[in-house]
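The next block holds one structure in the form of structure tokens; read it before the comments.
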Amino acid sequence: MGQKLGDTELELYRRVDEVLYYVWDPIGVAPNPVTRDEYQRYLPKVFSMLQEGVGVSSIAAYLDNVATERMGLNGNPERSKRVAEFLLDWKTKIYRIR
């Protein structure tokens, strides 16, 4: 990341990490302490997209692209859309509380 995050941003960053691992989990590695960092390489991009105000369709497209192009899996656009909606819901909740 390179910069210090405020409390709100740090909370969102942590939630994105959890959602990618426990909810998105396209290769089915959760929950396993050994694989906990499996999707962290995608975390900065998804976090940045949320910070920039990118919508559901763009986030879903990114997640689906990662699964198909980088992981060689079959696409699942509906699942990616649900995960993107969940991420945006978390963002709304976190920023409303703070």
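Okay, so the sequence shown: first residue is 762 according to my numbering, each after it adds one.
Built from N, CA and C at the ideal position, the CB exists for glycine as well.
Limits of the alpha helix (DSSP H) - the one that residue i falls within
| i | result |
| --- | --- |
| ALA822 | 817-826 |
| VAL806 | First, the residue type needs correcting, since residue 806 is Lys and not Val in the sequence shown. Its alpha helix (DSSP H) spans residues 804-812. |
| ARG775 | 768-779 |
For residue i, three-class secondary structure by DSSP
| i | result |
| --- | --- |
| VAL844 | helix |
| GLN764 | coil |
| VAL790 | coil |
Residue i versus the options, residue with shortest Cα-Cα distance
| i | options | result |
| --- | --- | --- |
| GLU846 | LEU824, ALA828 and LYS765 | LEU824 |
| VAL780 | ASN837, VAL815 and GLU799 | GLU799 |
| PRO794 | TYR803, TYR783, ARG802 and LEU804 | TYR783 |
| SER818 | LEU804, ARG802, GLU770 and ARG840 | ARG840 |
| ARG857 | GLN764, THR769 and LYS806 | THR769 |
| GLN801 | GLY836, VAL827, ILE855 and GLY767 | VAL827 |
| GLU772 | TYR803, PRO792, LEU811 and ARG797 | LEU811 |
Touch test, the region 844-853 against the region 775-786, Cβ-Cβ under 8 Å, three pairs minimum: yes
Cβ contact (3+ pairs, closer than 8 Å) linking the region 778-790 and the region 825-836: yes
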